[in-house]
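A quick write-up on the structure given underneath.
Chains as they are written, first to last, in this note's numbering: chain A, 1 to 412; chain B, 1 to 262.
Written out as structure tokens, the structure is:
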């Protein structure tokens with residue numbers, strides 16, 4: 001096939017798909033971005049907040065997004081874990097700060113809290129301005145067929161696009177993944193989380209705090225203006241029931257249990273509950289297909305850890321495709337895609353381990369490594385006894401990262 | 001192309017044809033492009049040598065290293081091109097590529113695969129001496145990769161490929177050194193222990209030292225750089241450039257713009 005419509009077709013323009021499109025367009029690739037959202041329609045209400053860790057922030061810097069949203073984030077300056085046990089007040093705690101980052105650049109913080117809606121708007125705007133990205137929206141993926149040298153992508157309106165590579169950035173139910181015949185492994189932990197935004201009565205100073213109680217962890221993540229995003233993990237049923245109560249009733253319950261830890265809290269906005277489940281695709285790639293973000297794995301809902309894992313997919317795939325292209329190799333061929341699969345398999349496994357560890361934390365209050373709990377949750381990363389290694393994992397700032405997550409990103 | 005094949009068939013001297021070698025690779029031709037197949041080690045090795053070729057060409061010709069097609073406008077000869085594992089990337093990087101291989105089957109595989117990928121490459125069944133006799137215009141870059149250890153008369157072959165390089169042009173040769181380490185790794189290790197390649201793919205006595213590769217090039221008027229080693233790391237299962245030239249190495253040679261000058 002002599003002429004293709006595009007080099008890389010990406011389905012899904014959420015944070016993973018849009019940032020991948022921007023990163024690859026920046027490297028000189030021609031991209032077609034297929035998104036189901038109607039750009040003319042009003043944005044869906046979305047009250048989610050993401051904890052964007054250092055490595056992810058570097059990626060957003062590299063693709064020119066960070067500068068547009070920096071004024072709208074709450075910098076994360078610390079992570080504090082308090083061991084509740086039976087009488088948690090005054091119990092030993094552990095604190096990680098900005099200075100615990102290894103390979104820290106001047107002024108870097110552990111991360112940034114950002115509203116989902118702000119991040120998406122900035123990404124949409126940048127995609128619009130990028131000449132190398134052709135956006136098709138609203139448009140729905142209906143199927144794909146890999147052929148020698150290219151893949152043909154079919155849309156619901158009957159049109160078709162030929163590309164070197166198809167990327168599925170289309171969420172946990174990923175139609176691209178299904179079309180590629182990639183199966184998923186799932187695990188339900190029998191736990192759920194209650195989530196809401198609250199107004200705090202005391203300044204949070206940019207510190208994310210986590211309390212371990214025998215019933216499960218309770219966490220507050222700092223938002224702008226002394227607000228916080230709280231997450232309370234409990235056995236399935238309890239968070240669901242809590243979310244159905246009135247804000248006043250929930251406030252009474254929260255303040256009764258956690259006022260000594262977090263100060264008085266006032267519910268601000270809608271409340272919700274989410275099951276703690278893990279879903280991992282058996283493969284990150286298929287014939288001329290690669291998966292990124294929730295299409296590859298769904299970690300639900302650990303303060304945006306799914307988002308950070310998705311950004312690591314983006315950085316890894318960008319590195320592999322740029323290197324393949326520099327060597328003159330076919331970016332969509334198995335030689336190139338297998339490197340992406342290898343790069344990401346380890347992280348997928350550690351995410352799985354972390355969730356299993358969270359599961360164990362619910363039932364074990366004898367652990368030597370209790371301070372590690374918060375990082376298990378906040379970082380969804382490997383459990384390690386090394387303090388700095390942990391801080392590095394929590395913030396994704398270890399030195400062996402793809403170029404997009406290295407601060408001194410060269411752009412090539 | 002047919003005319004050209006007839007020319008080579010009628011060629012009176014054929015120092016690069018070794019009938020047994022040609023038959024061996026023809027049998028393997030269909031598997032050239034399977035990254036998990038018999039040529040898996042070559043696919044693993046490929047990115048390192050491609051990166052080296054790109055960087056060397058960019059610095060030699062003063063090209064834009066950040067360009068996606070830095071080799072645009074250059075004529076590249078890939079001698080012993082096999083299934084096109086190097087010809088295709090060179091074409092993607094912008095070069096006008098001529099790929100030559102003694103095996104018809106390899107050329108047919110390479111042509112089919114390049115067409116599927118939308119690449120225009122001048123693949124020809126033939127030999128270096130055949131190109132010379134056909135009077136082709138000398139090339140900007142001659143790639144002489146993993147082939148000299150398979151030919152019948154290496155010195156004549158190197159001389160012929162040197163004659164295909166224009167003044168100011170660049171040759172990159174790659175082969176296996178004749179050292180005990182190469183015997184242990186490339187023959188015992190790769191063919192018998194790891195089964196990367198079918199036993200009999202290489203013949204140790206045909207391996208050449210860097211000096212043996214450089215000598216005929218220098219006699220043909222080329223200037224040669226120090227050999228560049230390429231090493232395999234079994235832990236990471238990957239190849240990288242190294243200072244160790246005892247097993248795999250690459251040799252860069254340049255034809256001065258004016259004879260005897262620099």
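In this text, a Cβ means the ideal position worked out from N, Cα and C, and glycines have one as well.
Problem - Closest residue to residue 163 of chain A among A:3, A:335, A:336 (Cα-Cα distance) - result: Position 163 of the first chain, counted from the first residue, corresponds to residue 163 of chain A. For residue 163 of chain A, the nearest C-alpha among the options comes from A:3.
Practice task
From the DSSP output, in three-state form, read off residue 89 of chain A for me.
Solution key: Against the first chain, residue 89 of chain A aligns to sequence position 89. For residue 89 of chain A, the predicted structure reports a pLDDT of 48, less than 50, and the residue's modelled location is therefore unreliable. A value from the coordinates is still provided. Reduced to three states, the DSSP call for residue 89 of chain A is coil.
Handout entry: Distance between beta carbons of residue 31 of chain A and residue 134 of chain A, contact taken as under 8 Å
Key = Counting from one through the first chain, the residue named residue 134 of chain A turns up at place 134. Counting from one through the first chain, the residue named residue 31 of chain A turns up at place 31. Right, the Cβ-Cβ distance comes to about 7 Å (below 8 Å), so this counts as a contact.
Handout entry: Where the beta strand (DSSP E) through residue 150 of chain A begins and ends
Key = The sequence position of residue 150 of chain A within the first chain is 150, counting from 1. That run of the beta strand (DSSP E) goes 150-155.
Exercise for the section: Could you work out which residue in A:67, A:76, A:47 is closest to residue 209 of chain A when comparing CA atoms only? Expected result: Your numbering for residue 209 of chain A matches position 209 in the first chain. Selected option, being the one with the closest Cα: A:76.
Problem - Given residue 42 of chain B as reference, the closest of B:258, B:248, B:254, B:257 once Cα atoms are compared - result: As a working mapping, residue 42 of chain B is identified with position 42 in the second chain. The candidate whose alpha carbon is nearest that of residue 42 of chain B is B:248.
Exercise for the section: Could you tell me the distance, in whole angstroms, from the CA atom of residue 297 of chain A to the CA atom of residue 145 of chain B? Expected result: Taking the first chain and counting its residues from 1, the one referred to as residue 297 of chain A is at position 297. Taking the second chain and counting its residues from 1, the one referred to as residue 145 of chain B is at position 145. Cα to Cα, the separation comes out at about 42 Å.
Practice task
Within its chain, find whatever has a CB closer than 6 Å to the CB of residue 168 of chain B; leave out the 5 residues flanking it on each side and keep chain order.
Solution key: Counted from its first residue, the second chain places residue 168 of chain B at position 168. 257.
Exercise for the section: Helix, strand or coil for residue 272 of chain A, going by three-state DSSP, please let me know. Expected result: If you number the first chain from 1, residue 272 of chain A lands on position 272. Residue 272 of chain A: strand per DSSP, three-state reduction.
Problem - Where residue 414 of chain A falls: helix, strand or coil (DSSP) - result: The first residue shown for chain A is 1 and the last is 412, placing residue 414 of chain A beyond what the model contains.
Problem - Cβ pair residue 231 of chain B, residue 44 of chain B closer than 8 Å - result: Mapped onto the second chain, residue 231 of chain B falls at position 231. Mapped onto the second chain, residue 44 of chain B falls at position 44. Their beta carbons are not under 8 Å apart, which means residue 231 of chain B does not touch residue 44 of chain B by this criterion.
Exercise for the section: Closer than 8 Å by C-beta to residue 206 of chain A: which residues in its own chain qualify, once you throw out the five before and the five after it? Chain order, please. Expected result: Taking the first chain and counting its residues from 1, one reaches residue 206 of chain A at position 206. For residue 206 of chain A, where only same-chain residues beyond five positions count, the Cβ hits under 8 Å are 74, 75, 76, 77, 78, 109, 222.
Exercise for the section: Could you confirm whether any beta carbon from chain A is found closer than 8 Å to the beta carbon of residue 118 of chain B? Expected result: Here residue 118 of chain B is taken as the residue at index 118 of the second chain, counted from 1. Chain A contact via Cβ: present.
Practice task
Look up residue 75 of chain A in the DSSP assignment and give the residues it is bridged to.
Solution key: Here residue 75 of chain A is taken as the residue at index 75 of the first chain, counted from 1. According to DSSP, residue 75 of chain A bridges with A:112.
Practice task
Examine the Cβ distances between the stretch 170-189 of chain A and the stretch 334-345 of chain A and report whether three or more of them are shorter than 8 Å.
Solution key: no
Exercise for the section: Would you kindly check if the distance between the Cβ of residue 281 of chain A and the Cβ of residue 198 of chain A is under 8 Å? Expected result: In the first chain, residue 198 of chain A corresponds to position 198, counting from 1. In the first chain, residue 281 of chain A corresponds to position 281, counting from 1. Cβ atoms of residue 198 of chain A and residue 281 of chain A: not closer than 8 Å.
Exercise for the section: Decide if the stretch 190-209 of chain B is in contact with the stretch 136-144 of chain B; the criterion is three or more beta carbon pairs, one per stretch, under 8 Å apart. Expected result: no
Handout entry: Distance, residue 196 of chain A Cα to residue 231 of chain A Cα
Key = Position 231 of the first chain, counted from the first residue, corresponds to residue 231 of chain A. Position 196 of the first chain, counted from the first residue, corresponds to residue 196 of chain A. Taking the straight line joining both Cα atoms gives about 7 Å.
Problem - Backbone CA spacing between residue 165 of chain B and residue 220 of chain B [nearest angstrom] - result: By one-based count along the second chain, residue 165 of chain B stands at place 165. By one-based count along the second chain, residue 220 of chain B stands at place 220. The straight-line gap from Cα to Cα measures roughly 10 Å.
Problem - 8 Å Cβ cut-off: residues of chain B touching residue 28 of chain A - result: Reading the first chain from its first residue, position 28 is the one you call residue 28 of chain A. The answer, in chain order, is 68.
Exercise for the section: Would you give the residue range spanned by the alpha helix (DSSP H) that residue 55 of chain B belongs to? Expected result: For this step, residue 55 of chain B is matched to residue 55 along the second chain. Element bounds for residue 55 of chain B: 40-61.
Exercise for the section: Note down the Cα distance separating residue 39 of chain A from residue 332 of chain A, rounded to an integer number of angstroms. Expected result: For the purposes of this step, residue 39 of chain A is taken as residue 39 along the first chain, with counting starting at 1. For the purposes of this step, residue 332 of chain A is taken as residue 332 along the first chain, with counting starting at 1. If I take the Cα positions, the gap works out to 29 Å.
Problem - Paired residues, beta bridge with residue 415 of chain A - DSSP - result: With chain A covering 1 to 412 only, the question about residue 415 of chain A has no answer from this structure.
Problem - Simplified DSSP assignment, three categories, for residue 210 of chain B - result: Taking the second chain and counting its residues from 1, one reaches residue 210 of chain B at position 210. If DSSP states are grouped into helix, strand and coil, residue 210 of chain B belongs with the helices.
Exercise for the section: Within its chain, find whatever has a CB closer than 6 Å to the CB of residue 63 of chain B; leave out the 5 residues flanking it on each side and keep chain order. Expected result: What you label residue 63 of chain B is simply residue 63 of the second chain in a count that begins at 1. Only 70 meet the Cβ criterion.
Practice task
Provide the residue span of the beta strand (DSSP E) that contains residue 210 of chain A, from first to last.
Solution key: Counting from 1 along the first chain, the entry for residue 210 of chain A is found at position 210. Per DSSP, residue 210 of chain A belongs to the beta strand (DSSP E) from 207-213.
Handout entry: Residue from B:118, B:240, B:211, B:67 whose Cα sits closest to the Cα of residue 227 of chain B
Key = One-based indexing of the second chain puts residue 227 of chain B at position 227. It is B:211.
Exercise for the section: Using a Cβ-Cβ cut-off of 8 Å, state whether residue 226 of chain A counts as contacting chain B. Expected result: Position 226 of the first chain, counted from the start, is the residue given in the question as residue 226 of chain A. It does not: the Cβ of residue 226 of chain A has no partner Cβ on chain B nearer than 8 Å.
Problem - For residue 142 of chain A, the first and last residue of its enclosing beta strand (DSSP E) - result: Residue numbering aside, residue 142 of chain A sits at position 142 when the first chain is read from its first letter. Boundaries of the beta strand (DSSP E) harbouring residue 142 of chain A: 141-147, taken from the DSSP string.
Exercise for the section: Could you pull the start and end residues of the beta strand (DSSP E) that residue 131 of chain B belongs to? Expected result: Numbered from its first residue, the second chain carries residue 131 of chain B at position 131. Per DSSP, residue 131 of chain B belongs to no beta strand (DSSP E); it is in the alpha helix (DSSP H), 128-134.
Practice task
Note the first and the last residue of the continuous alpha helix (DSSP H) segment covering residue 107 of chain B.
Solution key: Sequence index remark: in the second chain, residue 107 of chain B carries index 107 (1-based). 104-116 is the span of the alpha helix (DSSP H), which, as asked, contains residue 107 of chain B.
Practice task
Just mark residue 78 of chain B as buried or exposed, buried being the case when its beta carbon has 16 or more other beta carbons within 10 Å.
Solution key: Taking the second chain and counting its residues from 1, one reaches residue 78 of chain B at position 78. With 16 or more neighbouring CB atoms inside 10 Å of its own CB, residue 78 of chain B falls in the buried class.
Practice task
In angstroms with no decimal places, state the Cα-to-Cα distance between residue 136 of chain A and residue 35 of chain A.
Solution key: Start at 1 with the first residue of the first chain, and residue 136 of chain A comes out as number 136. Start at 1 with the first residue of the first chain, and residue 35 of chain A comes out as number 35. The straight-line gap from Cα to Cα measures roughly 6 Å.
Exercise for the section: Return the residues of the stretch 311-338 of chain A that lie within a Cβ-Cβ distance of less than 8 Å from chain B, sorted by chain order. Expected result: The stretch 311-338 of chain A vs chain B, Cβ under 8 Å: 323, 324, 325, 326, 327, 328, 329, 330, 333, 334, 335, 338.
Exercise for the section: Return the first residue and the last residue of the beta strand (DSSP E) that residue 21 of chain A is part of. Expected result: Position 21 of the first chain, counted from the first residue, corresponds to residue 21 of chain A. Counting along the chain, residue 21 of chain A falls outside any beta strand (DSSP E), though it belongs to the alpha helix (DSSP H) covering 15-26.
Handout entry: Endpoints, alpha helix (DSSP H) assigned at residue 50 of chain A
Key = On the first chain, residue 50 of chain A is found 50 positions in, with the first residue counted as 1. Note, residue 50 of chain A: premise wrong, no alpha helix (DSSP H); beta strand (DSSP E) at 49-53.
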